Amino acid sequence: MTTSRETPRKTRPRTPGRGVPLALLAPALLGLAFLLVPLLALLVRAPWRSLPEQLTSPEVWQALRLSLFCATTATALSLVVGVPLAWLLARTDFPGRGLLRALVTLPLVLPPVVGGVALLLALGRNGVVGQWLDAWFGITLPFTTTGVILAETFVAMPFLVISVEGTLRATDPRYEEAATTLGASRFTAFRRVTLPLIAPGIAAGSVLAWARALGEFGATITFAGNFPGRTQTMPLAVYLALQNDPAAAIALSLVLLAVSIAVLAGLRDRWMRTV
Amino acid sequence: MTRSAHRPRRSRRIAGAGAVAVLALSACSAPGPDSSPGSATDGPTGTVTVFAAASLRESFTTLGERFEEEHPGTEVTFSFGGSDALAAGIDNGAPADVFAAASPRTMELVTDRGHAAGSPSTFVRNRLQIATVPGNPHGIDSLEDLTAPGLKVVLCDRTVPCGAAAQTALGAARIALTPASYEQDVKGALTKVELKEADAAVVYRTDVKAAGDKVEGVEFRESAEAVNDYPIALLDNAPNPSAAKAFVALVKSPEGRKVLGEAGFLRP
Amino acid sequence: MPETMPPRPGKGPAPAGTASEPGAGGLDARLVVDRGSFRLDIGLTAAQGEVVALLGPNGAGKTTALRALAGLAPLTAGHLRLDGADLHRTPPESRPVGVVFQDYLLFPHLSALDNVAFGPRCRGAGKAEARAQAAEWLERMGLADHAGAKPRRLSGGQAQRVALARALATHPRLLLLDEPLAALDARTRLEVRAQLRRHLAAFEAVAVLVTHDPLDAMVLADRLVVVEHGRIVQEGSPSAIARHPRTEYIAQLVGLNLYRGHADGHTVRLDAGPAVSTTDDLTGPAFVAFPPGAVTLYRDRPTGSSARNLWHCAIAGLETHGDQIRAELTGELSLAADLTTAAAAELDLHPGAPVWATVKATQTHAYPA
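Protein chains in written order, with my numbering: chain A, 38 to 312; chain B, 3 to 270; chain C, 804 to 1172.
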């Protein structure tokens, strides 16, 4: 029973390139091409000559700044509530847990626009909860930057929860028990033992959630609307530019693509090596 | 917070490239094998494929059913969508017989490339209205009333026709209005009012009509400055030109005008 | 409740427990745990300074008992008192109990030092103080050089000692060890067993260890409690149990052939099978046992043998057992026989081969059941 103490994950041997059956190689390459060709097309058709002009416009930076701020805040929010939620789902047993787990992942399959409408019905000025926020605190969320953050959190958090829950399930719960026998409360055990153990899963989940939040369109425009500098994130700017200025849309897409690649590559090297 | 400067349209050429992905989904209503042109003596037969602006959905669907009743053996297939996207689809070879656009500008995208057979003609016009929540609790009576402090107003984004028209009307009235949001399309703007998240929106009167009693329409003087013409055209490589011609005739007929008028459209 | 007294060398008189009346020290428990169709129900007492081994086959409920003592599995019924204090409702983090888990469960992200300092930290010591205590423990375990090492860099034996230090660093009044040597290879095991014995001997409170290895149990424990199917089947000193096993499981563990039957003078008529002649004289229900080494095998029926116990059997299996061959026999009587490699070759033994087995009456041992 030494297996759970040392996981030889890092030394897993790679399958050598030779001997890959054609039946796997051909569809694999087709899949790769399918994913890469559209991105290449974006580069090929990019209006390179007018690009400097496009990219130096204040609207682009405004939208980019807002996108990065909202996606990062939404990720932070997802972490604060999503990690405990993942723990609850993975480590406790109560009736209806399976159902709850399915409900938590519902935003993954829900069309984002539907998510946006649901948010309006819940947190809008006349929403189930929102009307009280308005009446008691004078807080209205639609058409605000906070609204963008909430919409992105709604869509992105399930990615984090699923990732963290999976890591938690793969982590031996007896580490928590060991901490308990040493005098740690369940919360201390979580903070000082479980959290460091699942750090790679949290990092991976955060990156997924962040990327999802950065690209979020449907729930955002439905719940928070579209106003430059306040709720117009990059995807919204791209979509609206596409209506009558595709060159600008392509330029904006390139910026978003470049930022995403830079961030994912940076995180991958620093955080996700073991994932 | 400043209003975003409106970017002028720079290149129309790339419209096709940009919208082709969108079109792949909406343009796959290819005509069936029975779409061969019917002989002139028997009247129209086969399938007519009509690309029409989204705001025409209700009235054109009704007209399509009438057409099929009047001409047994015909079938009308619609593809409703944003006029820009539809124009890009036609430009990319989507097999359509008729194109009905929500603006002359989008029709130009098609005629400029020589995809239209003959010149397009305006068959209806649309005017803006203010949509308020039912009962108009804020007593909105004019465009200027929308600038009242604390009032949440949503407009369509300038890049879509209803937004462009609203800006024309606001410009004509010399009113500076900062909305809560520039919505991606008319439905987005209307939804916000229907859910009472916004107090008012500037949309087309046909949209107000289609929303039924979920919103209330308020006419305003300056809407006359931003009347939208809807052109319709036969397409150059229409698979079924005779039936297409008959469908356009139905749209322009008194019967067609009546159906369109009930939906809130104005006569040209 | 933190116990701040440092452990003493040797087993002196037990120090007064923090909440105990004099004389109430040690462990007094009856553990009843229901888990589906399985029910654990054992009584367990131990004096201060005593090392008790729970010995039993896999699935007997040993680990469940351990978890119940640590508070990780709730008791269905029964009681649990340690040094006179009732722990039944005390949550695990508040019990003065230290646990060495089977695979140690050292926190992989913490150094050996921080693993050991974890307990004192949780029990209220400052960071520097906890680390100083931890360093002292590692020093005592001969691991001062490995204080900064992460668990994955430690050998099995080192990890075992870190785990022991971690459990002892909270000054528990009850130390629980779950299969403490099972994760080690044979050679390390010998060495670690000796070290563990020294540390347990020096531990002044109660230690309970769980093992399925009789040698570990006999070397490490003062008293054995044999558990099968959730019940205690026998308890006593290691030597008493080795001499008088009462179940086949223990007999096998201590290397004896054991049968139950009815004694009448020098003959024990087995419940299932032939009679066994013995030199012991008793009447009534009885066990009769003899070691595998006392069995002699022949290919042909021996004629001149004085042995009274002669059975016709067949070889069921052969395995190397140290420098000997152990033969499992079936037939008139199922039994194990040990013989030298040379003898096995000479007899041309192979599975299925018919043999005659004899045992001298002087080498059997009968005792009341």
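Ideal Cβ placement from N, Cα and C applies to all residues, glycine included.
Note that the structure is a prediction, hence the values are computed from the model and not measured.
Inter-residue Cα distance where the pair is A:G255 and A:V97: The residue you call residue 255 of chain A lines up with position 218 of the first sequence. The residue you call residue 97 of chain A lines up with position 60 of the first sequence. One C-alpha to the other measures close to 20 Å.
For C:T1143: DSSP bridge partner residues: The sequence position of residue 1143 of chain C within the third sequence is 340, counting from 1. BP columns for C:T1143 point to C:Q1127.
Terminal residues of the alpha helix (DSSP H) in which A:W124 lies: As a first step, residue 124 of chain A must be located in the first sequence, where it is residue number 87. Unbroken alpha helix (DSSP H) run through A:W124: P95 to R128.
Contacts around C:L890, its chain only, beta-carbon distance under 6 Å, and the 5 residues preceding and following it disregarded: Working through the third sequence from its first residue, we reach residue 890 of chain C at position 87. So the qualifying residues of the chain are L883 and R898.
Among C:G1134, C:A863, C:P975 and C:T867, the one whose alpha carbon lies nearest that of C:L834: Within the third sequence, numbered from 1, the residue matching residue 834 of chain C stands at position 31. The shortest Cα separation from C:L834 among C:G1134, C:A863, C:P975 and C:T867 belongs to C:T867.
Span separating the alpha-carbon of A:L116 from that of A:F260: Against the first sequence, residue 116 of chain A aligns to sequence position 79. Against the first sequence, residue 260 of chain A aligns to sequence position 223. Those two C-alpha atoms are separated by around 22 Å.
Cα-Cα separation between A:P149 and A:V192, rounded to whole angstroms: Stepping through the first sequence from its first residue, residue 149 of chain A is reached at position 112. Stepping through the first sequence from its first residue, residue 192 of chain A is reached at position 155. Cα to Cα, A:P149 sits roughly 7 Å from A:V192.
Within 9 Å of chain A by C-beta, residues of the region 889-905 of chain C in sequence order: P894, P895, E896, S897, R898, V900, G901, V902, F904 and Q905
Proximal residues, the region 190-216 of chain A versus chain C, C-beta separation under 8 Å: D209, R211, Y212, E214, A215 and A216
Closest by C-alpha distance to C:G887, when choosing among C:G859, C:F1006, C:P895 and C:L977: Taking the first residue of the third sequence as 1, we reach residue 887 of chain C at position 84. Ranking C:G859, C:F1006, C:P895 and C:L977 by Cα distance to C:G887 puts C:L977 first.
Chain A within 8 Å of C:A1092, Cβ atoms only: Start at 1 with the first residue of the third sequence, and residue 1092 of chain C comes out as number 289. It does not: the Cβ of C:A1092 has no partner Cβ on chain A nearer than 8 Å.
Contacting positions in the region 160-191 of chain B - beta carbon closer than 8 Å to chain A: T161, V162, P181, A182, S183, Y184, E185, Q186 and G190
Runs of beta strand (DSSP E) wholly within the region 160-194 of chain B (minimum 3 residues, chain order): 183-185
Coil, strand or helix - B:R129 by DSSP: Counted from its first residue, the second sequence places residue 129 of chain B at position 127. If DSSP states are grouped into helix, strand and coil, B:R129 belongs with coil.
Buried versus exposed call for A:V74 [16 or more other C-beta atoms within 10 Å across all chains shown]: Along the first sequence, read from residue 1 onward, the residue named residue 74 of chain A stands at position 37. Answer is exposed; the Cβ neighbour count stays below 16.
Closest Cα partner of C:P983 within the set C:A1005, C:F1006, C:H974 and C:G959: Sequence index remark: in the third sequence, residue 983 of chain C carries index 180 (1-based). Checking every option, the nearest Cα to that of C:P983 belongs to C:G959.
Any non-hydrogen atom of the ligand MN closer than 7 Å to C:H1047 Cβ: Ligands are entirely absent from the displayed structure, and the ligand MN is therefore not among its contents.
Three-state class that DSSP yields for C:Q1037 in the structure shown: What you label residue 1037 of chain C is simply residue 234 of the third sequence in a count that begins at 1. Strand, per DSSP.
B:A265 vs B:E60 beta-carbon contact at 8 Å: Within the second sequence, numbered from 1, the residue matching residue 265 of chain B stands at position 263. Within the second sequence, numbered from 1, the residue matching residue 60 of chain B stands at position 58. Yes, Cβ-Cβ distance for B:A265 and B:E60 is below 8 Å.
Residue from C:D1126, C:G862, C:H1047 and C:A985 with nearest C-alpha to C:A962: The residue given as residue 962 of chain C occupies position 159 in the third sequence. Taking only the C-alpha atoms, the option nearest C:A962 is C:A985.
Beta carbon proximity, A:R228 to chain B, threshold 8 Å: Taking the first residue of the first sequence as position 1, residue 228 of chain A is located at position 191. With 8 Å as the cut-off, A:R228 does not count as an interface residue toward chain B.
For C:V902, the nearest candidate out of C:A928, C:L971, C:K1163 and C:L1018 (CA to CA): By 1-based counting over the third sequence, the position of residue 902 of chain C is 99. Among C:A928, C:L971, C:K1163 and C:L1018, the Cα nearest to that of C:V902 belongs to C:L971.
Closer than 8 Å to chain B by CB, A:L114: Within the first sequence, residue 114 of chain A is the residue found at index 77, counting from 1. Chain B contact via Cβ: absent.
Cβ-based neighbour list, B:A26, same chain, cut-off 8 Å, excluding 5 preceding and 5 following: Position 24 of the second sequence, counted from the start, is the residue given in the question as residue 26 of chain B. In this prediction, B:A26 scores a pLDDT of 39, lower than 50, which makes its location untrustworthy; the coordinate-derived value is nonetheless stated afterwards. Cβ within range, chain order: n/a, list empty.
B:S31 (DSSP reduced to helix, strand or coil): Here residue 31 of chain B corresponds to residue number 29 of the second sequence, with the count starting at 1. Legend: pLDDT at B:S31 = 41, less than 50; position of this residue unreliable, no value from coordinates given.
Neighbourhood of A:L291 by C-beta distance below 8 Å, restricted to the same chain and skipping five residues each side: Position 254 of the first sequence, counted from the first residue, corresponds to residue 291 of chain A. Cβ within range, chain order: L79, L80, A83 and L88.
CB of B:L197 within 8 Å of CB of A:N163, strictly: Numbered from 1 along the second sequence, position 195 holds the residue referred to as residue 197 of chain B. Numbered from 1 along the first sequence, position 126 holds the residue referred to as residue 163 of chain A. Yes, these two residues count as a Cβ contact at 8 Å.
Burial state of B:E72, where buried means 16 or more other Cβ atoms lie within 10 Å: Translated into the one-based positions of the second sequence, residue 72 of chain B becomes position 70. The residue in question, B:E72, is exposed, as its Cβ has fewer than 16 Cβ neighbours within 10 Å.
Where C:A1250 meets chain A, residues with beta-carbon distance less than 7 Å: Since the first and last residues shown for chain C are 804 and 1172, residue 1250 of chain C lies out of range.
For A:F260, the three-state DSSP class (helix, strand or coil): Stepping through the first sequence from its first residue, residue 260 of chain A is reached at position 223. Three-state result, A:F260: helix.
Identified DSSP bridge partners for C:P1171: Indexing the third sequence from 1 puts residue 1171 of chain C at position 368. Looking at the DSSP assignment, C:P1171 forms a beta bridge with C:A1089.
Members of the region 192-220 of chain B near chain A, C-beta cut-off 9 Å: T193, K194, L197, K198, E199 and A200
Neighbouring residues, chain A, relative to B:K154 (Cβ below 9 Å): If you number the second sequence from 1, residue 154 of chain B lands on position 152. Those are R162, T177, P179 and F180, listed as they occur along chain A.
Expected contact under 8 Å - CB spacing of A:A123 and A:V201 to nearest Å: Here residue 123 of chain A refers to the residue found at position 86 when the first sequence is read from its first residue. Here residue 201 of chain A refers to the residue found at position 164 when the first sequence is read from its first residue. That pair is a contact at about 4 Å.
Runs of beta strand (DSSP E) wholly within the region 55-108 of chain B (minimum 3 residues, chain order): 76-83 and 100-102
Interface flag, A:A240 vs chain C, CB-CB below 8 Å: Counting from one through the first sequence, the residue named residue 240 of chain A turns up at place 203. For A:A240, the answer is no, since every Cβ of chain C falls outside 8 Å of its Cβ.
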